[in-house]
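**Student:**
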Amino acid sequence: MAPIQRGEGQREREKRSDRAIQKRKRQQSRKGRKLNQWSEERMAGAIEEYEQEVTEGHKPKLRFLARAWNIPKSTLQRRVKGLVSGYRHASGKSPLLSVQAESELASLVKMLAERRFPLERSDIRRIAFQYGKINGIPGFSAGHYWFEGFMKRNPNLSLRKPESLSAARASGMNLTVVEQWFQTYTSLLHCLQIQEMPSHLWNCDESGLQDHFISKKVVGVTGKSCFQVTSGEKGETTTVLAGFNAVGTYTPTMVIFKGKRLRAEWLEERPEKAIIRVSDNGWINSQLFLEWGQRFVQQLPKEDPRPHVLLLDGHYSHVFNLEFLELMKKNNIHVVSYPPHTTHALQPADRSLFRSLKHHWQELGRKWTRKTGGKKLPKQLFFSVFSPAWKKAATVENAQAGLTLLLIITPLVSTLTTRPAPHASTLTTRPAPHVSTLTTGPPSLPSTSTAEWASIVRFSDLIEVPTRERGKKRMMARPPSYHLTSQEHFNFVQAKADKKKPKTTKVRKPAGVRPKKAAVPALQTVQGSDPCTGCKGVYGDASDPKGNENWVACCHCQRWYHESCGELNGLMDDDDFICLGCVH
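Under UniProt numbering, the residue at position 377 of the sequence shown is numbered 377, and the numbers go up by one with no gaps.
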């Protein structure tokens, strides 16, 4: 019997089937194998030793070198020959983007994050896709798996949830301004000879607490909406004014409710020595801050005659409160204010005390809301939640951590290297220099030559560095010094107070029907040569289109107007008329 003749198509199908079976067997044989068990640090040391011996003229044995560093010989051989760049794990296919390109992209992402304009996941993928499309990289889609690999190859980058930062605060953290403030502060401490006395360094600040409690993250059912019951759409703000020094001593705390009259039932369970007051909007004002200053002075030890330093922000009730500043100066307390829009980074109370207080306030408030079924926290029960939160937050450790963190204790002030670095303030200076030469990580062998790298489009050409031009300088009454109890600042505040004109209230005329005052006949008062200041028409002229109107004169400059021209060029009532020139 003759053998069956098989066609070429059938033979090709059999070959493909055999290759698929062999591939499946290879995959199954590798399944469960543990790869990359060697240490990257050991690989870097082995490569460095190999390059050093080659430089000295020796020919090292890769087998002995791999055995000494406990790494695979074949893995070391591929890196020595340049088949694989770097010393890190590189399983699978090599990335389509070169090492230089990914290094430049990582540097740009880091630079934008330092400038407070971080990129999202979709932004990085879109920019990488544009880069590959313009430079003709085939098969590069910058998808999900490429982004995951890019993040693994750059461990100094991670997905973060950003905090909101206003443009004023971002540009306010200017390195020159911050350094100038530190110089003023340190020179004052040396002049007062209290640079090694943390008990004489005080900080006070106020913050608002809202009775609207909601969790940041909760556990719910997958695939279904998750809701949380609250007492209302938004809460009412209650202001808390607190102060402390660098050894952990706290000043009397002032709590300001929103209201007109203070009720006795609101004072139940309040903290010891707390001051409870009310204001129209629940905020601090000059009168309440003066009262707090009086209690602060009473707390200071009388047997210690050495001066104190009080640090606070530039709120109007602090900087321009002449009575408070006179009280501080009388009791040998020097008041120093922070530069504008820098308290989010320099204020110790914001970064230690109030951050902890708000955390415990929200935690205890959520428990109270769950217990009452979403009931609004009334003022008579306010301190049942606030007092436990205050005891947990107002600790010696928080006070010392806040002041030490921001270099307020003078033995650390001279260490300029650990001060806050205001990256975002560079937005208002000048555009950033070319950043394509920045690299991250140890040096590695590039996958493309220098000539090829110089001829392609770079990521710095695709990413626009955010800059902002300086606007016109506004004429603002800015204090001349951060030292608020200096004579220079006192003269400034006094001059500002004297310059203010007292407000005059308009006298209300009694209600009732009053006869309209008859206009003075024009022929009796206006001379024939007097023109209208508004339209230049001459009184009595036959060509005057408003010849039938009455004329009025400014009560200050005695200039004449038609009655309709006066309404357009001044202020007129039943009795008097004043032109716009005299108004200004």
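Where a beta carbon is used, it is the ideal one built from N, C-alpha and C, also for glycine.
Helix, strand or coil for T448, going by three-state DSSP, please let me know.
**Tutor:** Model confidence at T448 stands at a pLDDT of 43, short of 50, so the residue's coordinates are unreliable and nothing is read from them.
**Student:** For the alpha helix (DSSP H) containing A101, list its first residue and its last residue.
**Tutor:** 99 to 114
**Student:** In angstroms with no decimal places, state the Cα-to-Cα distance between A20 and L62.
**Tutor:** 36 Å
**Student:** CB Q100 to CB L462, shorter than 8 Å?
**Tutor:** no
**Student:** Would you mind working out which of D123, H315, A393, I47 sits nearest V84, comparing C-alpha positions?
**Tutor:** I47
**Student:** Residue range of the beta strand (DSSP E) that L310 falls in?
**Tutor:** 308 to 312
**Student:** Would you mind stating whether V335 and W361 have Cβ atoms separated by less than 8 Å?
**Tutor:** no
**Student:** Using DSSP with H/G/I as helix, E/B as strand and the rest coil, what is L96?
**Tutor:** coil
**Student:** Measure from the alpha carbon of H489 to the alpha carbon of each residue in L580, E326, T533, P138, then state which is nearest.
**Tutor:** E326
**Student:** For the pair the stretch 279 to 286 and the stretch 221 to 239, tell me if three or more CB-CB distances fall below 8 Å.
**Tutor:** yes
**Student:** Compare the Cα-Cα distances from S337 to each of R370, G243, D313 and report the closest residue.
**Tutor:** D313
**Student:** Can you name, in chain order, every residue of its own chain whose Cβ lies under 7 Å from the Cβ of S436, other than the five neighbours on each side?
**Tutor:** Reliability of the predicted coordinates at S436 is poor, the pLDDT of 35 falling under 50, and no value is obtained from them.
**Student:** Given residue 610, which residues of its chain have a CB within under 7 Å of its CB, disregarding the five upstream and five downstream residues?
**Tutor:** Because residue 610 is not part of the residues shown, which for the chain are 1 to 584, the question remains open.
**Student:** To the nearest whole angstrom, what separates the beta carbons of V309 and L403, a pair I think is in contact under 8 Å?
**Tutor:** About 11 Å separates the two Cβ atoms, so there is no contact after all.
**Student:** Compute the distance between the beta-carbons of L290 and F324, then report whether it is under 8 Å.
**Tutor:** yes
**Student:** Measure how close the beta-carbons of I256 and V229 come, nearest whole angstrom, since I'm counting them as under 8 Å.
**Tutor:** Contact doesn't hold; Cβ gap of about 28 Å is too wide.
**Student:** Taking DSSP as the reference, what is the three-state secondary structure of V552?
**Tutor:** strand
**Student:** Three or more C-beta pairs closer than 8 Å, one from the stretch 185 to 194 and one from the stretch 215 to 225: is that the case here?
**Tutor:** no
**Student:** Measuring only the C-alpha atoms, how far is L364 from F150?
**Tutor:** 42 Å
**Student:** Give the range of the alpha helix (DSSP H) segment to which I134 is assigned.
**Tutor:** Looking at the DSSP string, the run of the alpha helix (DSSP H) that includes I134 is 121 to 134.
**Student:** At the level of alpha carbons, what is the spacing between E41 and E51?
**Tutor:** When rounded, the distance between both Cα atoms is 16 Å.
**Student:** Taking 6 Å as the limit between beta carbons, can you name the residues of its chain near L96, skipping five residues before and five after?
**Tutor:** I137, F140
**Student:** What does the alpha-carbon distance come out to for the pair K93 and H58?
**Tutor:** 33 Å
**Student:** Check T343 in the structure and name its three-state DSSP category.
**Tutor:** If DSSP states are grouped into helix, strand and coil, T343 belongs with the helices.
**Student:** Do P60 and W38 have their C-beta atoms within less than 8 Å of each other?
**Tutor:** no
**Student:** For the beta strand (DSSP E) that contains C557, what are its first and last residues?
**Tutor:** Bounds of any beta strand (DSSP E) do not take in C557, whose DSSP letter is neither H nor E.
**Student:** Can you list, in chain order, the residues of its chain with a C-beta nearer than 7 Å to that of K383? Leave out the 5 residues immediately preceding and following it.
**Tutor:** Rather than Lys, the amino acid found at residue 383 in this sequence is Phe. Only E268, E269, R270 meet the Cβ criterion.
**Student:** Please state the DSSP three-state secondary structure of C582.
**Tutor:** In the displayed model, C582 falls within a helix according to three-state DSSP.
**Student:** Taking just the CA atoms, how far does S107 sit from W390?
**Tutor:** 43 Å
**Student:** Less than 8 Å separating the beta-carbons of K376 and D211?
**Tutor:** yes
**Student:** Rounded to the nearest angstrom, what separates T253 and L112 at their Cα positions?
**Tutor:** 41 Å
**Student:** Exposed or buried, F354, counting other C-beta atoms within 10 Å across all chains shown (16 or more means buried)?
**Tutor:** buried
**Student:** Is R277 near the ligand COA, going by C-beta to nearest heavy atom under 7 Å?
**Tutor:** This structure does not include the ligand COA; it has no bound ligands of any sort.
**Student:** Between the alpha carbons of V538 and D544, how many angstroms are there, rounded?
**Tutor:** 7 Å
**Student:** Starting from H212, follow the beta strand (DSSP E) in both directions and report where the run begins and ends.
**Tutor:** Looking at the DSSP string, H212 is not in any beta strand (DSSP E), and its letter there is neither H nor E.
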